[in-house]
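Everything below concerns the one structure shown next.
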Amino acid sequence: MTQAPPHDCGTDDWQPVCRVAELEVERGATALVHGQAIAIFRTHDDEVYALGNHDPFAKASVLARGIVGTRGDVPFVASPMHKHAFDLRSGRCLDDAHVSVPAYDVRVVEGVVLVGHRKSDAA
Amino acid sequence: MTHLSSNRRRKTLVVAGHGMVGHRFVQAAIERGLTETYDLVIVGEEPRPAYDRVSLTSFFSVESADELSLLREGRYDDPRVRLVLGTTVTGLDRDTRTVALSDGEVLAYDALVLATGAAPFVPPVEGRDLDGCFVYRTIEDLEAIRDASITATRGVVIGGGLLGLEAANALVQLGLETHVVEMAPRLMPVQLDDGAGSALVRHIEKLGVTVHAGAATRAITGDGRVEALQTADGEIGTDLVVFSAGIRPRDQLARESGLEVAERGGVLVDEQCRTSDDRVFAIGECAAPGGRMYGLVAPGYAMAEVVVDALLDGPGTFTGADMSTKLKLLGVDVASFGDAFASTDGALELVFADAVGGVYKKLVVTEDGSRLLGGILVGDASAYGVLRPMVASGIALPANPEELILPAARGGAATGPTAMPDEAQVCSCNDVTKGQILAAAEAEGTTRAGSTCGSCKPMVKTLIEDWFARQGKVVDKGLCEHFALTRQELFDLVAVHGYRRFDDLVEAHGRGRGCDVCKPAIASILASQFNGHVLAEETAPLQDTNDAYLANIQRNGTYSVVPRIPGGEITPEKLIVIGEVARDFGLYTKITGGQRIDLFGARMEELPAIWRRLVDAGFESGHAYGKSLRTVKSCVGSTWCRYGVQDSTSLAIQLELRYRGLRSPHKLKGGVSGCARECAEARAKDFGVIATEKGWNLYVGGNGGANPAHARLLAGDLDTDTLVRYLDRFLMYYVRTADRLQRTAAWIDSLDGGLDRVRAVVVDDSLGLSAELEEAMTRHVGSYFDEWKATVEDPDKLARFVSFVNAPDTPDPNISFGTERGQIRPEVAGEPVVLAATIPVGAP
Ligand code: SRM
Ligand SMILES: Cc1cc2nc3c(=O)[nH]c(=O)nc-3n(C[C@H](O)[C@H](O)[C@H](O)COP(=O)(O)OP(=O)(O)OC[C@H]3O[C@@H](n4cnc5c(N)ncnc54)[C@H](O)[C@@H]3O)c2cc1C
Ligand code: SF4
Ligand code: FES
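Protein chains in written order, with the numbering used here: chain A, 1 to 123; chain B, 1001 to 1844.
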C-alpha cells in the first residue's frame, strides 16, 4: 500500500469507502463509488482490491458475493452466478481471455480503504 | 443339387451342471449362434437356476436368494434351450451316447459338456457327521448355517484359506463368537507368505475372530450334536463347525464311465477342454486342463468360451489362467497375484510392512528390477488394480519400483492404468482388456468388466475417468489444485484432527488459498461434523453463494426465500403469513415441485426483514439453498386416503424434522407414500419410504434431475424405530464417504458392491459402524438450530446483508423488475447501471 496522507487525495479521485477492519478476509463487500457498484475484496495477506461488481456473463451485479481464493499465484474471485473466475488485480477473466471487468486502484490510508481510478487496461 | 433341407437333423447338446460356468457356457452358446445347430438341455442338481456363488456370503444380507440369481427369469430367452432343475445326472453311457437323470429320463447327446463343479472336501475326522457340522458351498448350506446359528453362540471354521475366512466372516455376521482353525502355520497358505499371513491375523483378530494357526483338528466331539473341537493344543468349545478345508472336483460321472481323470482329481481335458472322448467336454471346477484344476470362476468362464468355440470349429484354446486374487475379508483388503512366492529364478522381493497399521506389501521383481512378477498386499490393496496388469502385460517398472507400494506414493511415475498397453487385461473374471473398455467408452457401450467379483472396478473407474478427462471433461479425484485429497479423505482428516478452520486444513494438507471448489466442500464437511452456524466467522467465507446469504440467488442478483413446510403440511394461518410477507415485500410467489412455497425477488438487504417476519410466525429455514436436506414429500396417507395403510404424512414430517439442517455432499430429498400407489413419488428421492400392511419399505438412491434414478429397496416391512435407525446410518454413511456433489444414487453405484455394500453396512453392520453412525446422527439432531433465527438475532451476521457498505440505504440500481401475470419478473440490464452523482454517499 502506498503511504500517502489523506489530504493528498482529492475526494474526486480517491473515494473512502470503509475501514479495512470492516472487510472480512477472503470475502467481498459492495461499495457505491462514483455512482457505480464496486466489489471490494480483502485477501489473506491483507491486500485490498476493487473490481466492477457487474458479472459480464450473467449480466448481474454480484461479483462481491463470490468466493475468493487463488489459482496458482493469482488471487481471484469466482462469480457466484456461474463461477467464472476473475483476477482480482487486473479484472481479467481467467476462463475467457477476451472478457474482463474493470479493476480500480485501491489505497489503504490509516486503516481506511480508498478507491481511485479505473486501472488502465494494460494492468 | 444341394438345398438346405428342413429335415436336416438338429443335434443335441447336454450340459451337466447349472452352476456359474455351465450358465456362462449356455449364454455364450446362445450369443454365438450354437443354438442354430444344437438343441441344448441343461441339467442342474440344485433346486434353482445358477447363482453367483462368488458372492454367496452376501446371501445373509440380501432380501431373497433371487438377488444372487444369474438367471432371474428362470429360463433362457431361446426356445431351443431347455433347463431341467432339481435333477441330477446319475449316469453316463458313452457307447449309447446317453445320460441318465435322477428322475428316470434318459437323454441322448451328440455332445456332452460336464460342468459339475466341485464339492467341499470334508477331512475324515472323527465326529464330522454330528449335528451342527456344515459345509459352505450352496444357498442351502447357508440356510442351514443360518438356522443353526439362531440357537448357537460359538462357531468354528476348519480351514483358514480363502473360503474359510469367507465362512468365518459369515459366522461373525451371524453374531457368533468365531474361531478359525488352520493346519498350516499361517492363514491363506496358498496365497500368502508368513509376513502377509501374520498381518492378516492381526486384522482378523481385531474383528473378534480367534485364529488358531498350525493347529490340526483331531476330532469333533459331542453327544449327537457338536460340543467341542479337539486340536493338538487343546479343546475349543463350539456349537457349530463349518468345514472349509478345500474342494474336490466332482468327477464321478467321468470316472465311472472310464474317462481319464487327473492324478489329483478333475476330468483331464486338452487345450480345447475335450476329454479323452471327443464328444465329451469338461469345464469349470470339475475340469483339469493339463492335469491342473482351477478353483476360481474366471478360468471356468474362459473354458466355457473355448468349448463353444470348439463346437463352432473355432481355434480357441485354454492354456492356463491367472490365479490372482483380491478380496475383502472381513473388511481387510487382501491380494495375491502373479509369482507371489518369488519362485522365478533370481526373483527379488521388495517388502513394505507396517506392523501398527497392519499393512504388508510385497513386490516380486525380476533380477534386474525391470519387470514385475507378482506380489502380495494385505491391509491396503489399492495398488492391486495397477500392479496385476503390470505382471500380465510385462510393461517396464519405473526406476524406483518401491514407490509403487510406499504409502506416500500418490500417483507416482507412469505407473497408473493409463500407462498400460491396450492389451492389458483389466477384468480377469470376464477377460476384458483395457482396449475393450476404452472402445466401449467411445461407443457409449458397456463391457462385462466389474460384474463378477468387482475387484477390477476401481481400475475400470480410473480408466473411464481418464478417458473422459482426455475428452476434455473434468474429472477430479483430488478435490482441486489446492487439495490432492478426496472429499472422504478430507472428511476423515477433519474427524481425526478436529480441524475447525479452513486455514489449518489448507496449511497442513493443501496449498494456496483455496477456491470455489474446495472451500464449499470443506464448509460442508465442517458443518456435517460440528453443525456450527454456516455464517460463523471461520466458515462464512467458505460458503457457496447460496449458503453465504441463506437464500438462493436468482438471475438478476436477487434471492428467493423458502420457509420449511415439513411434509408439505401447512395451516391456513401460516399460509396467510406467507401471503402477507409476499405482498408486503412485493415478492413473486410460486408453489415449488417440493411441496412448499417459494418467494422470489428479495433483495439481499431485505432478507433479514423478511425472515424476521417469518421466524416470528413460527417458520424456519427450508435450506433450499444448502447441500442439505430439502424436503420429505408426503401423501395424505391413511388419515384421509381410502387406500392408505399407514400415516405417511406424520412420518414425512417426523423425518423432515429429524434430518433438517443436515449438511451433506449434495442435496438430499425424501418422500413417504401411504401405500403402494406411491403418490409421494418416494422412489424418485434419495430416500423413499412406502407403507406396507406390516410397516414400511425403505428405498434408497433415487433422484430426478438430468440422470433420473429409481430408489431401490434397502429393507422391507420395518417398524418406525428400525426405519429411523437404518436411515440415520444410511445418511451418515453417505455424508461420510460420498464425493462432493455426488447424490446418493451415484454414490451407491460408486461403492464396491453397490447397494449390497450399503445394505451390509447399514442393515447388517458389517463394518461395526452402526453405533458410531447413529451417534453422529443423534449429535446432529441434538445440535440442530434454525440458522435464519440465529442470523436475525446476531448483529455481526446481519452486517453482511447490506447493499453497499458505504451506502446501506441505497438499493443496488442494477436490479429492476417488470411484471407478468400480475407479479414481478426480473429484468436484466446488459450494462452496469450508474447512479446519478447526486445520490448522497456516506463516508466511513
Ligand atoms: C424452486 C424449484 C422449482 C419449482 O419452481 O418448483 C427448484 C429450483 C431450483 N432447483 Fe430444483 N427446484 C425445485 C424442485 C426440484 C425437483 C423436484 C422435487 O424436489 O421433488 C427436482 C428433481 C428431484 C431431484 O432433485 O432429484 C429438482 C432438481 C434439481 C437439480 C438436479 C439434481 C440432480 O441430482 O440432477 C438441480 C441442480 C443441482 O442441484 O445441482 C436443481 C437446482 C435448482 C436450483 C437450486 C438452481 C440454482 O442453483 O439456482 C433452483 C433454484 C431454487 C430457488 O431459487 O429457490 N434442481 N428440483 C423447486 C424447489 C423445491 C423445494 O421446495 O425445495
Ligand atoms: C463362498 C465362496 C466364495 C467364492 N469366492 C470366489 C471368488 O472370490 N473368486 C472366484 O473366482 N471364485 C470364488 N469362488 C469359487 C467359484 O464359486 C467357483 O469357481 C465357481 O462357482 C465354479 O463354477 P462351476 O460352474 O464350475 O461350479 P459350480 O458353480 O459349483 O456349479 C456346478 C453345478 O453343477 C451341479 N452338479 C454337480 N454334479 C451334478 C450332476 N451330476 N448333475 C447335475 N448337476 C450337477 C452342482 O449342484 C452345481 O450347481 C467361491 C466359492 C465359494 C463357495
Ligand atoms: S400413496 Fe396411497 S395412501 Fe398415499 S395418497 Fe396415494 S393412494 Fe393414498
Ligand atoms: S476382475 Fe472380477 S469382475 Fe472384473
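Using N, Cα and C, we set each Cβ at its ideal position, and we do this for glycine too. Only a predicted model underlies this, so the values are computations on that prediction, with no experimental measurement involved.
- Close CB contacts of F1502 (chain B) within its chain, under the 6 Å cut and outside five residues either way in sequence, are with I1522, L1542 (chain order).
- At a cut-off of 9 Å between beta carbons, Q1529 (chain B) makes no contact with chain A.
- Taking 9 Å as the cut-off, the beta carbon of V1632 (chain B) is found no closer than this to the beta carbon of G1644 (chain B).
- According to DSSP, K1633 (chain B) shares a beta bridge with B:G1671.
- For W1640 (chain B), the secondary structure class from DSSP, reduced to helix, strand or coil, is coil.
- Per DSSP, reduced to three states, the secondary structure at K1797 (chain B) is helical.
- At a cut-off of 9 Å between beta carbons, E1442 (chain B) makes no contact with chain A.
- By the Cβ test, the stretch 1298–1309 of chain B is not in contact with the stretch 1333–1351 of chain B, since fewer than three Cβ pairs between them sit closer than 8 Å.
- Among the CB atoms of chain A, none fall inside 9 Å of the CB of M1390 (chain B).
- Residue environment for K1590 (chain B): exposed (fewer than 16 other C-beta atoms within 10 angstroms of its C-beta).
- The three-state reading of DSSP puts K1361 (chain B) in strand, counting E and B together.
- Counting along the chain, Y1301 (chain B) sits inside no beta strand (DSSP E); it lies in the alpha helix (DSSP H) bounded by residues 1297–1311.
- The closest CA to that of R1658 (chain B), considering only B:L1723, B:K1461, B:D1039, B:G1704, is found on B:L1723.
- One alpha carbon belongs to R1024 (chain B), the other to E1465 (chain B), and they sit about 30 Å apart.
- Secondary structure at N1169 (chain B): helix, using DSSP grouped into helix, strand and coil.
- Put simply, the CB of K119 (chain A) is far from chain B, with every gap to its CB atoms at 9 Å or more.
- Under the Cβ criterion (8 Å, minimum of three pairs), the stretch 1158–1168 of chain B counts as touching the stretch 1176–1186 of chain B.
- For secondary structure counted as the beta strand (DSSP E) over 3 or more consecutive residues, the stretch 1425–1501 of chain B holds these complete runs in sequence order: 1425–1427.
- At least one heavy atom of ligand 2 sits closer than 8 Å to the Cβ of E1166 (chain B).
- Contact with chain A is absent for P1315 (chain B), since none of that chain's Cβ atoms lies less than 9 Å from the residue's Cβ.
- By the neighbour-count criterion, in which a residue is buried when 16 or more other Cβ atoms sit within 10 angstroms of its Cβ, W1788 (chain B) is buried.
- A straight-line Cα-Cα distance of about 13 Å links T1791 (chain B) and E1606 (chain B).
- The alpha helix (DSSP H) runs of length 4 or more contained entirely in the stretch 1507–1544 of chain B are, from start to end of the chain, 1518–1530.
- Contact between R1048 (chain B) and G1019 (chain B) fails: their C-beta atoms lie close to 11 Å from each other, not under 8 Å.
- Checking the DSSP bridge columns, you'll see R1218 (chain B) has no partner listed.
- Residues of the same chain with a CB within less than 6 Å of the CB of H54 (chain A), apart from the 5 flanking positions on each side, are S61 in chain order.
- Listed as beta-bridge partners of T1210 (chain B) by DSSP are B:H1179.
- Taking 9 Å as the cut-off, the beta carbon of G1618 (chain B) is found closer than this to the beta carbon of K1574 (chain B).
- Annotated as distal: A1715 (chain B) and Y1733 (chain B), with beta-carbon spacing of 9 Å or more.
- In this structure, S1634 (chain B) lies away from D1598 (chain B), with their beta-carbon atoms at least 9 Å apart.
- Annotated three-state conformation of K1694 (chain B) is coil, per DSSP.
- For the pair R1072 (chain B) and R1032 (chain B), the Cα-to-Cα distance works out to about 21 Å.
- If you check each beta-carbon in the stretch 1540–1554 of chain B against every beta-carbon of chain A, the ones closer than 9 Å belong to A1540, P1541, L1542, Q1543, D1544, T1545, N1546, A1548, Y1549, I1553, Q1554.
- Against chain B, the beta carbon of G116 (chain A) has no neighbour under 9 Å; the closest one sits roughly 15 Å away.
- Rounded to whole angstroms, the Cβ separation of A1254 (chain B) and F1121 (chain B) is 18 Å, and the two are not in contact under 8 Å.
- Between the alpha carbons of L1311 (chain B) and I1283 (chain B) lies a distance of about 14 Å.
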